[in-house]
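Protein chains in written order, with the numbering used here: chain A, -5 to 312; chain B, 5 to 370.
The structure is reproduced here in structure tokens:
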């Protein structure tokens, strides 16, 4: 066997320094990279539509919050001198057949739509997350029971249920929030369950169990933070859906009780051949308000999805 | 009474397709403050054994089918889950192979460092923070205050493993189970991490069960070693004895498969031929027989128990631990160097043809 031999250095062997216990990296790599949040924000910022969506939604939210202050007229009290007048200097977006200012009604309607979006989504996000994480983490019988319940609720024809329930519980903004919330959690539940099924097998979950953490602590502190990305995306699309749902219900006469202001109520009031042909300001503006808010939220959702999940695999839009 | 005493541990994984006989009656002891190695190739049941000790096997597939685990006088396999939780982390801590996957990517180092402390103790947040800083300093991470705020991906592999060690030792456990703690690290960092574990555990008197396939790490760090193969412990001795005079052909093969700086003859590095068994059937005979050059006909159908070379009392722990091996036909010193049996005309016994019920009466062809 031939071996390569080294010529001994004429200077003698090089001194070998002992490895110090306190270890200083040669290059401080740690501070060049960013936190997950910074990375996501950088990706989100690149999406112009999403940024536009954020701006529009922020303006809408501001209008909704400040509606009582900035709305030029009372949304319910009619202006007895102006019935069904087209846009003018006094009434920027015109008045409806009862003489109510369309702009003021839209501003107040934004409060209804946005709050329904937020509250209804919060309700079903909470239910879905709790049930989904239990099913995905515990598996077995818990999973089977929750899974079948999910299937059952999903198989309900939601419109029929709403048609049946609303007349009983009454037409109010809170009832709509609750009904939408109670009917939409299965999608969240399935998403969270799926994520948990995979995350519970990760080594860090094992490590957390290995240091003696309780199940609840593992679910809430170790696994749930890993699901926030897909959840935020789902929530944003859910908000858009909830706004459309409210408008649709009001249109069918099952939503907000007129004369309370709501975009859907205003649209419903415009269903009349005379208004559709001769008074477009009564349906164009509420319709545009719905379209703009839903679109901007969807753009934000798209942006969030791309930013939080670059592989684009975990969230499937309904 | 040893700190940890495992007897006849049997673990099986049951899935719809197959049953895996992962651990088949393993027994070992770890004394207080002792550093013990558990070596074997991938899939031989080392990690499964370590997870079974604190009942962390993946559920519902992994089942402990038998045996006892005594830790500090308590039977861990009979402990209710809630009491076992107090043993995990506080008395038995674990360090896993890959610090990147065993750290949660979305939590800061501080959150994860304090996790173990907060899981067992009520502490005001300020105190937990101070402990975390102290822990990072203990494992030699400089600039602890800033490192605490970073996420796992912002640390280098070595730093991540240091953080894992800090987490494991946060509560001064009696036993540290280190499952391939250096495998995911590059060689220069490996040495530092081994030094660190040895240094810290000897300071606190923590016993270490080191699980690895790296014989270099075993030689470097442990006082006593168990060799595992296909879910069995096939040989155990003090590390010095095991490296000097291995008896089981598998251990001989393992030692011949690494290059040793202390051997006088620079023989070639030889791999252990063949593949480990699939472990999907209940084992019959010696599990190593199909790959063994020393095998006798009896090896095919009778699995030898662990026995001592000499008669006399058997010591299971400490520097005077007995040399035990499970082999019908152990290698001699001369054969160790040659890596094959040296008896004149010896040939490994051929595999008997599988007997069907009809053939059982007929003589086995030779």
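Note that CB positions come from ideal geometry on N, CA and C, so glycine has one too. If you're wondering where the values come from, they're calculated on a predicted model, not measured in any experiment.
Query, Result
"Completely contained alpha helix (DSSP H) runs for the segment 24 to 63 of chain A, where each covers 4 or more residues", "30 to 39"
"The ligand GDP heavy atom lying under 7 Å from the CB of residue 248 of chain A", "With respect to small molecules bound, the structure shown includes none, and the ligand GDP cannot be examined in it."
"Own chain partners of residue 35 of chain A with C-beta closer than 8 Å, once the 5 adjacent residues on each side are dropped", "301"
"Inter-residue spacing [alpha-carbon to alpha-carbon] between residue 319 of chain B and residue 113 of chain B", "43 Å"
"Cβ-Cβ distance between residue 43 of chain B and residue 229 of chain B below 8 Å", "yes"
"Within-8 Å CB hit, residue 79 of chain B to chain A", "no"
"Same chain only: Cβ atoms within 8 Å of residue 218 of chain A, ignoring 5 sequence neighbours per side", "123 and 127"
"When B:62, B:41 and B:355 are compared against residue 199 of chain A, the one with the closest alpha-carbon", "B:62"
"8 Å Cβ cut-off: residues of chain A touching residue 167 of chain B", "By Cβ distance, chain A contributes nothing, its closest Cβ being about 11 Å from residue 167 of chain B, past 8 Å."
"Expected contact under 8 Å - CB spacing of residue 190 of chain A and residue 130 of chain A to nearest Å", "3 Å"
"Proximity winner among B:169, B:328, B:66 and B:145, relative to residue 239 of chain B (alpha-carbon distances)", "B:328"
"For residue 46 of chain A and residue 109 of chain A, the rounded distance between their alpha carbons", "21 Å"
"Rounded straight-line distance, which links the Cα of residue 29 of chain B to that of residue 79 of chain B", "17 Å"
"For residue 409 of chain B, three-class secondary structure by DSSP", "Chain B is shown from 5 up to 370; residue 409 of chain B falls before or after that span and cannot be answered."
"Whole-angstrom distance between residue 103 of chain B and residue 346 of chain B, CA atom to CA atom", "45 Å"
"Short CB-CB distance (under 8 Å) between residue 141 of chain A and chain B", "no"
"Endpoints, beta strand (DSSP E) assigned at residue 33 of chain B", "23 to 34"
"At least 3 beta-carbon pairs within less than 8 Å: the segment 218 to 229 of chain A vs the segment 238 to 251 of chain A", "no"
"Buried/exposed call for residue 95 of chain B, threshold 16 Cβ in 10 Å", "buried"
"Close Cβ partners of residue 260 of chain B (< 7 Å) along its chain, the five nearest in sequence each way excluded", "274 and 343"
"Assigned secondary structure, residue 95 of chain A (DSSP; H/G/I helix, E/B strand, else coil)", "strand"
"Three-state class that DSSP yields for residue 15 of chain A in the structure shown", "Note on residue 15 of chain A: pLDDT 48, under 50, position unreliable in the model; the coordinate value appears next. Residue 15 of chain A falls in the coil class under three-state DSSP."
"Below-8 Å beta-carbon distance, residue 133 of chain B vs any chain A residue", "no"
"Contacts around residue 88 of chain A, its chain only, beta-carbon distance under 6 Å, and the 5 residues preceding and following it disregarded", "79, 80, 81, 96 and 275"
"Same chain, Cβ closer than 6 Å to residue 167 of chain B, five either side skipped, listed in chain order", "113"
"Rounded distance between the beta-carbons of residue 40 of chain B and residue 197 of chain B, thought under 8 Å", "About 18 Å separates the two Cβ atoms, so there is no contact after all."
"Candidates A:38, A:94, A:101 and A:49, of which the one nearest residue 63 of chain A by Cα", "A:101"
"Delimiting residues of the alpha helix (DSSP H) encompassing residue 190 of chain A", "167 to 193"
"Residue burial classification, residue 190 of chain B (beta-carbon count within 10 angstroms, cutoff 16)", "exposed"
"Per DSSP, the bridge partner or partners of residue 255 of chain B", "Paired residue(s): none; residue 255 of chain B is not in a bridge."
"Separation of residue 165 of chain A from residue 58 of chain A, as counted between CA atoms", "21 Å"
"Under 9 Å by beta carbon: chain E residues contacting residue 108 of chain B", "Here chain E cannot be found, since the structure's protein chains are A and B."
"Residue 134 of chain A: contacting residues in chain B (beta-carbon distance under 8 Å)", "64"
"Beta-carbon proximity list for residue 297 of chain A, same chain, < 6 Å, skipping 5 on both sides", "38, 41 and 44"
"Residues sharing a beta bridge with residue 183 of chain B, DSSP", "B:215"
"Interface flag, residue 71 of chain B vs chain A, CB-CB below 8 Å", "no"
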